[in-house]
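Following: one structure in structure tokens, then a few remarks.
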Amino acid sequence: MTQTGHEPKPVLVFDSGIGGLTVLREARVLMPERGFIYVADDAGFPYGGWEEAPLRKRILDLFAELLATYEPEAVIVACNTAFTLAGTDLRHAFPDMRFIGTVPAIKPAAERTRSGLVSVLATPGTVKRAYTRDLIQSFAAKCHVRLVGSENLARMAEAYIRGEPVSDEAVLAEIAPCFVEKDGARTDIVVLACTHYPFLANVFRRLAPWPVDWLDPAEAIARQARRLVPLIEGAEHPQGFDFAVFTSGKPDFSTRRLMQGFGLDIADTSVKAV
Numbered sequence: 044m045t046q047t048g049h050e051p052k053p054v055l056v057f058d059s060g061i062g063g064l065t066v067l068r069e070a071r072v073l074m075p076e077r078g079f080i081y082v083a084d085d086a087g088f089p090y091g092g093w094e095e096a097p098l099r100k101r102i103l104d105l106f107a108e109l110l111a112t113y114e115p116e117a118v119i120v121a122c123n124t125a126f127t128l129a130g131t132d133l134r135h136a137f138p139d140m141r142f143i144g145t146v147p148a149i150k151p152a153a154e155r156t157r158s159g160l161v162s163v164l165a166t167p168g169t170v171k172r173a174y175t176r177d178l179i180q181s182f183a184a185k186c187h188v189r190l191v192g193s194e195n196l197a198r199m200a201e202a203y204i205r206g207e208p209v210s211d212e213a214v215l216a217e218i219a220p221c222f223v224e225k226d227g228a229r230t231d232i233v234v235l236a237c238t239h240y241p242f243l244a245n246v247f248r249r250l251a252p253w254p255v256d257w258l259d260p261a262e263a264i265a266r267q268a269r270r271l272v273p274l275i276e277g278a279e280h281p282q283g284f285d286f287a288v289f290t291s292g293k294p295d296f297s298t299r300r301l302m303q304g305f306g307l308d309i310a311d312t313s314v315k316a317v
């Protein structure tokens, strides 16, 4: 799909915090002619402990303002919890917008596993979502899938990527339930079903009781975005985009420094759910 002209609209990347940077990094490689707006709902972070109804309303309210303000070409919802909860509602509420969602990579895990033992490391919200159970039923019915809902890993990943200390014992306590031995077989794939978790992938590998494939969906999400976002021949990377918006309006110093490391300015404005 190719689009003509020289004024490419930006792509908006949305996450509850800074985990979506793992997706942004991959999307930039595949869409160099697009500017990006990164939106972190840090005022609502973490999403895992929210009740469904108020979180769904919050997400829909935020997007009503975001889409009116920035008029993006497409939106990458780089958050499993947000998309498995509100993806269908977003598409119904904003039918003219392209939404690229993030869901647990259960299908590719089921295709790759040799042992038949797969674990899904997610937030409590993603684990309890019917959407996740439906993915297992549709694509991994012949596998033994363990769902592991972590209350703390998203916060720990945010702290880690900001350079704050995170103890090995605390991380191991969160990932240990992923490792299953059954009838002589062992878990061989762990799905990272939260975009924050890849920040800790090297720590996971070091602490794991045996080697597994840690499945990071960021590249697949970026490829899907490239398929859906028109390629503009001859367009140069636009000026004025590549910035981050925080719903709190008050990112701390380490977060600002991290955003600069990803080539993102910090917008002076905030966005609030009504």
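Numbering-wise, the working numbering puts 232 at position 189 of the sequence shown, and it's gapless, one number per residue. For glycine and all other residues, C-beta sits at the position ideal for the given N, C-alpha and C.
Other residues of its chain near residue i: CB distance less than 7 Å, five sequence neighbours each side excluded
i	result
A136	L103
T156	C186, D231 and I232
L110	F137 and M140
P252	F222
C-alpha distance - residue i paired with residue j, whole-angstrom precision
i	j	result
E76	D211	40 Å
A165	D285	28 Å
S158	A117	38 Å
L243	V66	15 Å
V54	A228	43 Å
D139	C122	21 Å
A197	H280	32 Å
E276	P241	33 Å
V246	L133	35 Å
N195	G92	10 Å
L250	L160	19 Å
T131	G144	10 Å
V314	E224	46 Å
D256	G63	21 Å
G304	D226	47 Å
R43	A107	No statement about residue 43 is possible, as the shown extent of the chain runs from 44 to 317 and does not include it.
P167	Q180	19 Å
R68	V170	26 Å
V56	E207	25 Å
G192	G87	19 Å
A96	A153	31 Å
L105	F142	15 Å
D295	L271	34 Å
T45	T238	Here the model assigns T45 a pLDDT of 44, short of 50, so the residue's position is not dependable, and the following value carries that caveat. If you take the alpha carbons of T45 and T238, they lie about 29 Å apart.
R101	E94	11 Å
G48	L178	Per-residue confidence for G48 stands at a pLDDT of 49, beneath the threshold of 50, marking its modelled position as unreliable; no derived number is given.
Test item: CB-CB of residue i and residue j under 7 Å
i	j	result
P147	A263	no
S59	Y81	no
A202	A70	no
S297	D85	no
A129	R99	yes
V120	V234	no
F289	A83	yes
8 Å Cβ shell around residue i - same chain, five flanking residues per side excluded
i	result
R299	I309
M199	V209, A213, V214, E217 and L243
G283	G78
L73	A265, R266, A268 and R269
R248	P254 and W257
For residue i, the nearest candidate out of the options (CA to CA)
i	options	result
P151	G130, L73 and A183	A183
K329	D311, Q267 and G206	Given a span of 44 to 317 for the chain in the structure shown, any question on residue 329 remains unanswerable.
T112	F142, L271 and K52	K52
P254	R141, G62, A219 and V288	A219
P273	A96, P115, P97 and R101	P115
R205	A287, I61 and F222	I61
Cutoff 6 Å; reference residue i; Cβ partners in own chain excluding five residues on either side
i	result
Y174	T127
P260	A148
A287	Y81, M302, L307 and I309
R172	T127
C-beta neighbour in chain B for residue i, strict 7 Å
i	result
R71	Structure shown: chain B not included; a single protein chain is present.
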